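Chains as they are written, first to last, in my numbering: chain A, 1 to 134; chain B, 1001 to 1332; chain C, 2001 to 2284; chain D, 3001 to 3083.
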Amino acid sequence: MDDEKAAHDSGLNNVATRRRALMLGAIGASAIVSVRPALAQSAASVLNCEIPVPGPHGTGMNIDAYGQLVPRDTPGSFPTSGVKFTGEQVKAAMQGRSLPGTSYDESQAYVNYIRRLQSGQSGFTCYASLQITR
Amino acid sequence: MLLVDALRDPSSTAALDADGWTALLAMARAEQLIGTLARRLSGLPVPTAVSEILEEARVNAEYQRRSALWEADCARRALVDYVGKVVLMKGTAYAAAGLMASEGRHIGDLDIMVARADLPKVEAALLAAGWEWVKDDAYDDAYYRDHMHELPPLIHKERDRMIDVHHTILPPTARPRPDATTMLADAVALEDGLYVFSHADRAIHSATHLLADGELDGGLRNLWDIHCLLTECTQSNFWSELQSRATHHDLWPAVQRAARMAHRLYGTDIPSGWRTKHWRDGYYIRRLTARDAWGRGTRPMLRLLFYVRSHWLRMPPLMLAGHLWVKWRKRP
Amino acid sequence: MYEFRVQVGPAAFRIGSAWKRPVNELAELYREYPTPDIADYSVRLEATSLIRRFIRPSVAINGDYILPDAAPLPLAQALLAAEMGMNLQMALGWRRHLLLHASAVEKDGKALIMTGASGSGKSTLSAMLGCKGWRFMGDEFVLLDLLTGAVVPFPRLISLKNTSIGAMQATALDGRFGPLLRDTPKGEIRHLVPARDAIRAMTQPAQPALLLFPSFGFESAVREIAPSEIFIRLTQASTNYVALGEAGFKTLTRFINTVPARAIDYRKGEEAEALVNQLWDDLS
Amino acid sequence: MVLLIQPLDAMTAIYHRRSGITHIVSEPVPQILHRMGGETLTSDEIVERLRVDFDFEEIDARSLITERMDEMAALGLLVRQHV
């Protein structure tokens, strides 16, 4: 406990002894970021992963330019077949290249879909790992 | 089975050779019982390599416990203005109440139960505190709301942790109809203002979770919970209380079978009148112990049978056909 | 199930395979490593279906710890599948040290650690330095002892990718390379067995002395990095920082307080080597 | 001790024992924590205490401090007392 207390006290005293200007931040700007588990980081580099577009939750639906799942007949949307893209392909697409077998606009829509993936959805772990290793 | 023997009688591991240990550890990981095994074996002489693995399991169990209790506290703070009872369920409840079942236990998502009429209020409070829907699928959502005993799962956008909000312990479509109102009314308060089920209801929920709800995946861990919950009761009227409450909730067959299986596999001390023989118990036990030395599931036909049974139990036949149809059609 | 066991640093693996060939390849490449009796982790290379065991065989990576999005690999890349499986067990299971996604080499009992995104060259640099008077400690994971802060070696096979294969073939000894794996998800891959001395010394830790963040493809330069950036980057380079709780925090803060760090940019291996030597000499 | 605190540069790393979560915070979060000690204070009182050691823009000071405290409370680093 002693060294913990020391770490605690020295930490706070260092930032607090001399009189100086204090930054209070700005309204609406966060002063705290919390560290999240980064198992993701390893997923892409450790394992070959893949992302279905769309996952099972969107089978039979189209994807619009914003990456949202929409009914098949929605104008301006792109058909999907649940094709799986590898982490490396998605990574390249996020840097501007098109996903294999897709047009530029189609690729953009698919990438937007991938960006909207949430934890629990198929492909999320893979996507999360790409964000970190980029 | 190696894993069952080690949990039931930790000193039996003294006879294991290197391959036996490797198999035991693989099985325990596959059944998410490695942390429990580590607790059971603490203080016993084991090979150095094994003690390092068990220590790792203890560290991990401690992490899961810390995260689970913190998540419960986050939910408590989000629901501080809600006047009804918020009841913790399963692993988090055992940890919060300091029960034996929580020792080394793997704890995943947070499960809570509230009064059914209050679901919209609770949902709104959680959404306001940073939880979000996991799925944006209209079919699944409607399915949950119409037929399930819980809200569609929510995930916290900062902490990436899931919460399941229940209003009873079984889907309304299942045949037994537990009395959720009584369960809530009898739930006991913890120091921080959250609740856990009464002792008997905890055992009943655990047995229901094992037998009336699932396909027995991870069943050995579930059964270990039941063993602990039944072992930890010391009140003389516990067993009669358990039987009458289980009967009231329409769940006496499940509780009885769970108790029998805990007795047969883990040597749980149950009343002698409960130790009857049932030919079907053998199938359950074979399903629970279907695991090989590499941690792989075995007995595929039996697994399939229990999978179908789990859906059968939850839904009337016509609805089941509709559900499986939709699920099948949605396969990519 | 065919079986192969291997000890890499503090971790013992058991690899099961539905096919014989991967086990033979592993036994050949890991011939200088000890064989453990009790395994910390099991990895299973299984057929994705009964048909895929025989026709266009496809390897699913399973084991004690698995990832839901894992993609299967063709049987010709089974060696890669085994390596991925072992790495995954470490990434998801290891709790005995603070695990950083980084490479490390040692000289005079002190360790140089290199970390960065894939493509930064950290793996190739560690392999190259391992042929030039440094002891190779690992190209994928660096393990920091929770009590002493020392770097514990994890010298698994070095996984060379694409252009680094040719570079290392010119540097390293013949007879220490695995088969060339073409068209893998990461391009061409060829495994290199670390130097015999590095394998023999795989139980000997070293105190960390320098942390580098290399970036490949930029004009040669050395930059300072703010401690808060180092802290955040290392938490994101660690797969078990959060799970270790207080021990992770203390180990990481001690590391940041005691180990100087720099970012280096380079375009050629020789440039990187010169920068490393210069920074290393400046330490003393 | 509830928190382990490690100043880094303009940012400070804080390990929160109970949750096991590490927060990277900027000013004035560590200063607020230090001035509070273990006491229960209003945001006005905290502004007063900070004023003893620091110079800062008086405009919006109270609302900025309150916003930081809300943020800390949302993460469970502080507990809001209802009066």
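For glycine and all other residues, C-beta sits at the position ideal for the given N, C-alpha and C. No experiment lies behind these values; they were computed from the predicted model shown.
Notebook entry, point to check: What is the DSSP secondary structure of C:Met2001, counted as helix, strand or coil?
Noted result: Counted from its first residue, the third sequence places residue 2001 of chain C at position 1. C:Met2001: coil per DSSP, three-state reduction.
Note to self: Quick check on B:Trp1131 - is its C-beta less than 8 Å from some C-beta in chain D?
What the structure shows: Here residue 1131 of chain B refers to the residue found at position 131 of the second sequence. It does not: the Cβ of B:Trp1131 has no partner Cβ on chain D nearer than 8 Å.
Check: Quick one: Cα of C:Leu2147 to Cα of C:Thr2258, how far?
Finding: The residue you call residue 2147 of chain C lines up with position 147 of the third sequence. The residue you call residue 2258 of chain C lines up with position 258 of the third sequence. Roughly 14 Å between the two C-alpha positions.
Next item on the list: Less than 8 Å between the CB atoms is what I'm expecting for C:Pro2022 and C:Ala2082, so what's the real figure, rounded?
Entry: Sequence index remark: in the third sequence, residue 2022 of chain C carries index 22 (1-based). Sequence index remark: in the third sequence, residue 2082 of chain C carries index 82 (1-based). That pair is a contact at about 6 Å.
Next item on the list: List the residues of chain B whose Cβ lies closer than 7 Å to the Cβ of C:Ala2243, in chain order.
Entry: As a first step, residue 2243 of chain C is located in the third sequence; it is residue number 243 there, counting from the start. For C:Ala2243, the chain B residues whose Cβ falls inside 7 Å of its Cβ are Asn1060, Tyr1063, in order along the chain.
Item checked: Residues near C:Arg2095 by beta carbon distance below 7 Å, same chain, minus five either side -> As a first step, residue 2095 of chain C must be located in the third sequence, where it is residue number 95. Only Asn2240, Ala2243, Leu2244 meet the Cβ criterion.
Check: Looking at the unbroken alpha helix (DSSP H) that takes in B:Trp1239, where does it start and where does it end?
Finding: Position 239 of the second sequence holds residue 1239 of chain B. Residues 1238-1248.
Check: If C:Pro2194 and C:Pro2227 are in contact, beta carbons under 8 Å, what's the gap, nearest whole angstrom?
Finding: Within the third sequence, residue 2194 of chain C is the residue found at index 194, counting from 1. Within the third sequence, residue 2227 of chain C is the residue found at index 227, counting from 1. Not confirmed; about 32 Å, so no contact.
Next item on the list: Tell me whether the beta-carbon of B:Lys1107 lies closer than 8 Å to the beta-carbon of B:Ala1095.
Entry: The residue given as residue 1107 of chain B occupies position 107 in the second sequence. The residue given as residue 1095 of chain B occupies position 95 in the second sequence. According to the sequence displayed, residue 1107 of chain B carries Ile and not Lys. A contact, by the Cβ cut-off of 8 Å.
Next item on the list: Taking B:Asp1164 as the query, report the chain D residues whose CB atoms sit under 9 Å from its CB, ordered along the chain.
Entry: For the purposes of this step, residue 1164 of chain B is taken as the residue at position 164 of the second sequence. Under the 9 Å cutoff, chain D gives no residues; its nearest Cβ is about 20 Å from B:Asp1164.
Checklist line | Residue-level contact to chain B via CB, C:Ala2047, 8 Å cutoff | finding: On the third sequence, position 47 is the one that residue 2047 of chain C refers to. Judged by the 8 Å Cβ criterion, C:Ala2047 is not in contact with chain B.
Check: For D:Ser3019 and chain B, any beta-carbon pair shorter than 8 Å?
Finding: Within the fourth sequence, residue 3019 of chain D is the residue found at index 19, counting from 1. Yes, because at least one Cβ of chain B sits closer than 8 Å to the Cβ of D:Ser3019.
Note to self: Please tell me whether C:Pro2185 and A:Thr86 are closer than 8 Å, where the distance is taken between their beta carbons.
What the structure shows: Along the third sequence, one-based indexing puts residue 2185 of chain C at 185. Along the first sequence, one-based indexing puts residue 86 of chain A at 86. Going by C-beta atoms, C:Pro2185 is nearer than 8 Å to A:Thr86.
Checklist line | Test item: CB-CB of B:Ile1226 and B:Leu1216 under 8 Å | finding: The residue given as residue 1226 of chain B occupies position 226 in the second sequence. The residue given as residue 1216 of chain B occupies position 216 in the second sequence. With a cutoff of 8 Å on beta-carbon distance, B:Ile1226 and B:Leu1216 are scored as not near each other.
Check: Any residues in the region 2168-2190 of chain C with a beta carbon nearer than 9 Å to a beta carbon of chain A? Which ones, in chain order?
Finding: Thr2184, Pro2185, Lys2186, Gly2187
Check: What does a CB cutoff of less than 6 Å around B:Arg1116 pick up in its chain, not counting 5 residues either side in sequence?
Finding: Along the second sequence, one-based indexing puts residue 1116 of chain B at 116. If we look at B:Arg1116 and ignore the five residues flanking it on each side, its Cβ neighbours are His1167.
Note to self: Do C:Phe2231 and D:Ile3024 have their beta-carbon atoms positioned less than 8 Å apart in this structure?
What the structure shows: Mapped onto the fourth sequence, residue 3024 of chain D falls at position 24. Mapped onto the third sequence, residue 2231 of chain C falls at position 231. Yes, these two residues count as a Cβ contact at 8 Å.
Note to self: Can you pull the chain C neighbours of A:Ile51, defined as C-beta to C-beta under 9 Å?
What the structure shows: For the purposes of this step, residue 51 of chain A is taken as residue 51 along the first sequence, with counting starting at 1. Neighbourhood of A:Ile51 in chain C, by CB distance below 9 Å: Asp2069, in chain order.
Check: By the criterion of Cβ-Cβ separation under 8 Å, what are the contact partners of A:Ser30 in chain D?
Finding: Locating residue 30 of chain A in the first sequence gives position 30, counting from the first residue. Correct list: Glu3071.
Notebook entry, point to check: Between which two residues does the beta strand (DSSP E) containing C:Phe2213 stretch?
Noted result: Along the third sequence, one-based indexing puts residue 2213 of chain C at 213. Segment 2207-2216, the beta strand (DSSP E) holding C:Phe2213.
Check: Going along the chain, which residues of its own chain have a beta-carbon closer than 8 Å to the beta-carbon of B:Leu1302, five neighbours each way excluded?
Finding: Position 302 of the second sequence, counted from the first residue, corresponds to residue 1302 of chain B. Within the same chain, B:Leu1302 has close Cβ partners Tyr1283, Arg1286, Arg1287, Ala1290.
Margin query: Would A:Val33 pass as an interface residue toward chain D - the criterion being a Cβ-Cβ separation below 8 Å?
Written below: One-based indexing of the first sequence puts residue 33 of chain A at position 33. Yes, because at least one Cβ of chain D sits closer than 8 Å to the Cβ of A:Val33.
Note to self: To the nearest angstrom, how far is the alpha carbon of C:Trp2019 from that of C:Met2001?
What the structure shows: Translated into positions along the third sequence, residue 2019 of chain C becomes position 19. Translated into positions along the third sequence, residue 2001 of chain C becomes position 1. One C-alpha to the other measures close to 7 Å.
Margin query: Taking the alpha helix (DSSP H) that B:Arg1263 belongs to, which residues open and close that run?
Written below: Here residue 1263 of chain B is taken as the residue at index 263 of the second sequence, counted from 1. The sequence given here has His at residue 1263 of chain B, not Arg. 1252-1266 is the extent of the alpha helix (DSSP H) around B:His1263.
Notebook entry, point to check: Beta-carbon separation of B:Gly1020 and B:Ala1061 under 8 Å?
Noted result: Numbered from 1 along the second sequence, position 20 holds the residue referred to as residue 1020 of chain B. Numbered from 1 along the second sequence, position 61 holds the residue referred to as residue 1061 of chain B. No, Cβ-Cβ distance for B:Gly1020 and B:Ala1061 is not below 8 Å.
Next item on the list: On a CA-only basis, which of C:Tyr2033, C:Glu2025, C:Gly2016, C:Arg2014 is nearest C:Arg2200? Give me that one, please.
Entry: Locating residue 2200 of chain C in the third sequence gives position 200, counting from the first residue. For C:Arg2200, the nearest C-alpha among the options comes from C:Tyr2033.
Next item on the list: Taking the CB atoms as reference points, tell me whether C:Ala2102 and C:Met2086 lie closer together than 8 Å.
Entry: Residue mapping note: residue 2102 of chain C aligns to position 102 of the third sequence, counting from 1. Residue mapping note: residue 2086 of chain C aligns to position 86 of the third sequence, counting from 1. It is not a contact, given that the beta carbons lie outside the stated cut-off.
Margin query: Does chain D have any CB closer than 8 Å to the CB of A:Ile27?
Written below: For this step, residue 27 of chain A is matched to residue 27 along the first sequence. Yes, A:Ile27 counts as interfacial toward chain D.
Next item on the list: Please report the residue range of the beta strand (DSSP E) in which C:Asn2062 lies.
Entry: For the purposes of this step, residue 2062 of chain C is taken as residue 62 along the third sequence, with counting starting at 1. Note, C:Asn2062: beta strand (DSSP E), 2058-2063.
Next item on the list: Would you verify that the beta carbon of C:Ala2091 is, or is not, closer than 8 Å to some beta carbon of chain B?
Entry: By one-based count along the third sequence, residue 2091 of chain C stands at place 91. At least 8 Å separates the CB of C:Ala2091 from every CB of chain B.
Next item on the list: Inspect the beta-carbon positions of C:Ala2237 and C:Leu2100 and report whether they are closer than 8 Å.
Entry: Here residue 2237 of chain C is taken as the residue at index 237 of the third sequence, counted from 1. Here residue 2100 of chain C is taken as the residue at index 100 of the third sequence, counted from 1. It is a contact, given that the beta carbons lie within the stated cut-off.
Check: Taking 8 Å as the CB-CB limit, is C:Pro2227 close to chain D?
Finding: On the third sequence, residue 2227 of chain C is found 227 positions in, with the first residue counted as 1. Using beta-carbon distances, C:Pro2227 counts as an interface residue toward chain D, with a partner under 8 Å.
Check: C:Gly2187 by DSSP, collapsed to three states: which one?
Finding: The residue labelled residue 2187 of chain C in the question sits at position 187 within the third sequence. It is a strand residue.
Note to self: Can you pull the chain A neighbours of D:Asp3055, defined as C-beta to C-beta under 8 Å?
What the structure shows: In the fourth sequence, the residue the question calls residue 3055 of chain D occupies position 55. Within chain A, the residues near D:Asp3055 are Arg19, Arg20, Ala21, Leu22.
Margin query: Rounding to the nearest angstrom, what Cα-Cα distance links C:Gly2063 and C:Pro2208 in this structure?
Written below: Counting from 1 along the third sequence, the entry for residue 2063 of chain C is found at position 63. Counting from 1 along the third sequence, the entry for residue 2208 of chain C is found at position 208. Taking the straight line from one Cα to the other gives about 32 Å.
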